[in-house]
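Asker: Letter 109 of the sequence shown, counting from 1, is numbered 108 in numbering that gives the first Met the number 0, and no numbers are missing.
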Amino acid sequence: MPTTTVFTLIKQLLTKKATNPFPVKYTPDNMHAAASLIESGKLSINPPIKVPPNYRGKLTYDVEACIGCQLCLKVCPAEALAFKPDEKKVKHYVSRCTFCGQCANICPKDCFVLTDEFLIAGLDKYSDDLILNP
Ligand code: SF4
Ligand code: SF4
């Protein structure tokens with residue numbers, strides 16, 4: 000019904016944003032070139048919106064506290080964790096993670112913490128910043 004649609008549109012316009020705007024004010028021909036301009040300070044970005052409380056972003060892993068019990072591997076639905084038998088620690092693949100938080104919930108040593116960080120896109124999913132304890 001048109002009236003309902005118009006009402007929904009107006010409501011959406013007045014609702015606080017839940018997603019981030021595109022990072023730059025125009026659509027660049029080349030995103031890599033735009034990224035270089037951002038790094039050099041020649042191009043400003045739209046600041047990300049504040050994340051809500053209890054946001055589930057990129058994990059941190061406390062390698063020292065880990066006792067190698069492997070409970071986190073058992074509950075991970077995404078096979079984002081691998082055991083390193085020599086170290087008796089785990090390796091975390093950020094690119095496979097669904098940020099469900101089950102590993103953090105079950106870990107007896109609180110090794111995993113879900114942070115506010117969500118800017119985790121990269122060209123190489125095996126780069127050091129996309130693998131914890133590589
Ligand atoms: S947050 Fe979920 S998907 Fe990611 S490593 Fe932990 S259990 Fe696996
Ligand atoms: S559940 Fe915690 S202590 Fe056990 S292996 Fe995973 S990170 Fe280490």
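No residue lacks a Cβ here, since even glycine has one placed at the ideal position from N, Cα and C.
Any chance the CB of Q11 is under 8 Å from a heavy atom of ligand 2?
Answerer: It does not: the Cβ of Q11 is nowhere closer than 8 Å to a heavy atom of ligand 2.
Asker: Is L122 buried or exposed, if buried means 16 or more other CB atoms sit within 10 Å of its CB?
Answerer: So L122 ends up on the exposed side.
Asker: How long is the line joining the alpha carbons of C102 and C65, rounded to whole angstroms?
Answerer: If you take the alpha carbons of C102 and C65, they lie about 12 Å apart.
Asker: Since I44 sits in a beta bridge, which residues does DSSP pair it with?
Answerer: DSSP lists no partner for I44.
Asker: Just to confirm the assignment: which complete alpha helix (DSSP H) runs, minimum length 4, are found wholly within the stretch 83-107?
Answerer: Listed in chain order, they are 101-105.
Asker: Tell me whether T114 sits in a helix, a strand or coil according to DSSP, three-state version.
Answerer: Residue state, collapsed to three classes: coil.
Asker: State the DSSP-derived secondary structure class of T59, mapped to helix, strand or coil.
Answerer: Strand.
Asker: With H, G and I counted as helix, E and B as strand and the rest as coil, what does DSSP make of L122?
Answerer: L122 falls in the coil class under three-state DSSP.
Asker: Could you check how far apart the C-beta atoms of V62 and N132 are, in whole angstroms? I think they sit under 8 Å.
Answerer: Rounded, the Cβ-Cβ distance is 5 Å, consistent with contact.
Asker: Which residue marks the beginning of the alpha helix (DSSP H) containing I37, and which one marks its end?
Answerer: Residues M30 to E38.
Asker: Give me the Cα-Cα distance between P47 and E86, rounded to the nearest whole angstrom.
Answerer: So the alpha carbons of these two residues sit roughly 38 Å apart.
Asker: Name the DSSP beta bridge partners of A81, please?
Answerer: DSSP output for A81 lists K90 as bridge partner(s).
Asker: Going by beta carbon distance, what residues of the same chain come within less than 6 Å of L134, once the five residues before and after it are set aside?
Answerer: Any answer about residue 134 is impossible in this case: the structure gives the chain only from 0 up to 133.
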